[in-house]
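In this note's numbering, the protein residues as written are 667 to 1304.
Ideal placement from N, C-alpha and C gives every residue a C-beta, glycine not left out.
Step one of this worksheet: look at the structure below.
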């Protein structure tokens, strides 16, 4: 389908307020808020969620109903800038905590605020610039073929602007409830946020859950399929592999542990077996899943690249507002300047070869990401798989060219970090441009808005990462930083040859079996890699989404409104918990202890009851959305 056959909500010849001071300021604030919330979420569970829809809803609530301004394009600009924060955060926290962990081990110095900011900034801007020439091929020519689910859903939310007041209040309700819950659980510690049980008679196995709102929210947003794949990975690890290790290991000392399996179980329970062995099996599975997803995408990548280069700028500069992109001259100069900056700025630990690798891998994975999010959505975009593939290849190349040891390791993580941000931002930009295409936004202004969102987020992410590091430290129980830990293990394994390769290859072959069975490998592998305490509450959220989808409704609109209302509420839950997580990190840094568990605690049973209440609130808000739709249907029929 070509562009002139599609009529956007706002016609191309209509001029409305779009790129305004209000939209830039509000979008920048939301970029910092959602960036911080997603940074905390990603460091806890290794996953982030798309911020476009909640940003759009909050924008409508503030611009339309508080400031009394009436422009759908201005609202769209706010979500465009605001959603960039989540993507910059994802790219940074999936890789850069490895540098903090090495600094703690004495391998290298901790990255400075300037270094983190520059890595995030360069990656973010390159991600936007690399995606611009793909817009015509992916968003316009393949409209109707590539769904871009979050981008399309965001457009629907914006177009249904008259309902924005109720929708914004749903997001705020989730935010407030999760904030209070998180403060009571992890601040006051009235009940434990993690409930765990060993299984008597089944040595090495264990079950439990982190009873936190954000995890239920992740499960609800991802749905029962993705949640079940994650949970299946957890069950495989905690109910099959770990009991087998306990059964056959016994009094054996297995690398990388320095004591027998029985001694590990006595001291640390099932968690100790997971920490010493399962993490490496999971790492192998995630590695294989990432590479498989790239191989399967190669035909799409080649086609997209060919269409983009062949079609970009072919018809000259369009006079239509809805067809204007940043110029190719601007893109080429921008990429060249950033590549030279990577090479020459002393703060960034890259030489000319490293800068060239960033540009080559960057455009390649921006293309991969832009097309993949059109098919499967941003929340399922295997950004970490792309980063792992980049790390493997770049670490091998750096080692082959004599750049090894700590210098080569930091260079590899820096390259991986920039690529991770590029892939995440390219995916987010694609979704935002799809939203703009549907509502009738100006692409050029959206692209500038994305760059502004990247700049603001890059300034903030370094401070957020330092704050979280000072509060708990990466790799700790509170912030396991699973993706960054995985990247660290990959680089160390290639550079130093000190990985337990038997365990890694076990994970690789498990991933191959899973692929042969037709199960999506990456979500299963992430479930295998993460503690089961995280996949259990995610599964609970996924089952609740499934229940809401299977209930009987008066019509399809009522069903869609029920599910969408739940998505908005759970988006609020994730944002609320993430914000309070940052606040508690500040408390930890300044030494403010609000723990009252010594005086009052409701224990593990109370924790499970509180989590059940959170699940009920999700159900209640989803049901409320269906009820509102049914009432509207009755009114319109009269």
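Comparing C-alpha distances from residue 848 to each of 1249, 1229, 712 shows the shortest one belongs to 1249. Residue environment: residue 1245 is assigned as buried (16 or more neighbouring CB atoms within 10 Å of its CB, all protein chains considered). When DSSP assignments are scanned along the segment 833–869, the uninterrupted stretches of beta strand (DSSP E) that are 3 or more residues long and fall wholly within it turn out to be 860–864. Out of 708, 779, 1192, the CA that lies nearest to the CA of residue 1174 is found in 1192. Look at residue 811 here: in three-state DSSP terms it is coil, with no helix or strand label.
Rounded to the nearest whole angstrom, the CA to CA distance from residue 1073 to residue 1015 is 8 Å.
Membership of residue 1098 in the alpha helix (DSSP H) is indicated by the continuous run 1071–1105.
When DSSP states are grouped into helix, strand and coil, residue 920 belongs to the coil group. A distance below 8 Å between beta-carbons, with the five flanking residues on each side excluded, links residue 835 to the following residues of its chain, in chain order: 727. Taking all protein chains in view, the Cβ of residue 814 is crowded by 16 or more other Cβ atoms within 10 Å, so the residue is classified as buried. Segment contact: the segment 843–859 against the segment 1170–1185, fewer than three CB-CB distances shorter than 8 Å; contact not assigned. The C-beta separation of residue 719 from residue 823 comes to about 6 Å, placing the pair in contact by the 8 Å criterion. Annotated three-state conformation of residue 939 is helix, per DSSP. When secondary structure is reduced to three states using DSSP, residue 693 falls in the helix class.
When secondary structure is reduced to three states using DSSP, residue 1227 falls in the helix class. Exposed is the label assigned to residue 999, since fewer than 16 other Cβ atoms lie within 10 Å of its Cβ. Under the three-state reduction of DSSP output, residue 1283 falls in the helix class.
Cβ atoms of residue 1104 and residue 821 come within 8 Å of each other, at about 4 Å. Nearest to residue 1064 by alpha-carbon distance, out of 1020, 1026, 1101, 957, is 1020. Annotation: residue 986 to residue 992 spans about 14 Å, alpha carbon to alpha carbon. Non-local beta-carbon contacts of residue 1185 in its own chain, meaning distances under 8 Å to residues more than five positions away in sequence, involve 895, 898 in chain order. Between residue 1264 and residue 740, the alpha-carbon positions lie close to 50 Å from each other.
A check of alpha carbon separations from residue 1215 across 1205, 1226, 1207 identifies 1226 as the nearest. Using a Cβ distance threshold of 7 Å, residue 801 and residue 1099 count as a contacting pair. Counting the other Cβ atoms within 10 Å of the Cβ of residue 1230 gives 16 or more, which makes it buried. If you keep only unbroken alpha helix (DSSP H) runs of at least 4 residues inside the segment 698–739, you get 718–729. Residue 926 sits in a strand when the DSSP states are folded into three classes. In the structure shown, residue 743 falls within a helical segment according to DSSP collapsed to helix, strand and coil. Non-local C-beta neighbours of residue 1251 in its own chain, meaning closer than 6 Å and more than five positions away in sequence, comprise 1133, 1134, 1137, ordered along the chain. One alpha carbon belongs to residue 1146, the other to residue 709, and they sit about 6 Å apart. Inter-residue distance for residue 1139 and residue 677 is about 51 Å (C-alpha atoms, whole angstroms).
Going by C-alpha positions, residue 869 is about 6 Å away from residue 909.
Counted as a single uninterrupted DSSP element, the alpha helix (DSSP H) harbouring residue 1155 occupies residues 1148–1162. Assignment of residue 872 by DSSP, reduced to helix, strand and coil, places it in the strand class.
The way I'd put it, the segment 676–695 does touch the segment 737–753; three or more beta-carbon pairs between them come closer than 8 Å.
One thing to note: residue 712 has its Cβ within 7 Å of the Cβ of residue 1148.
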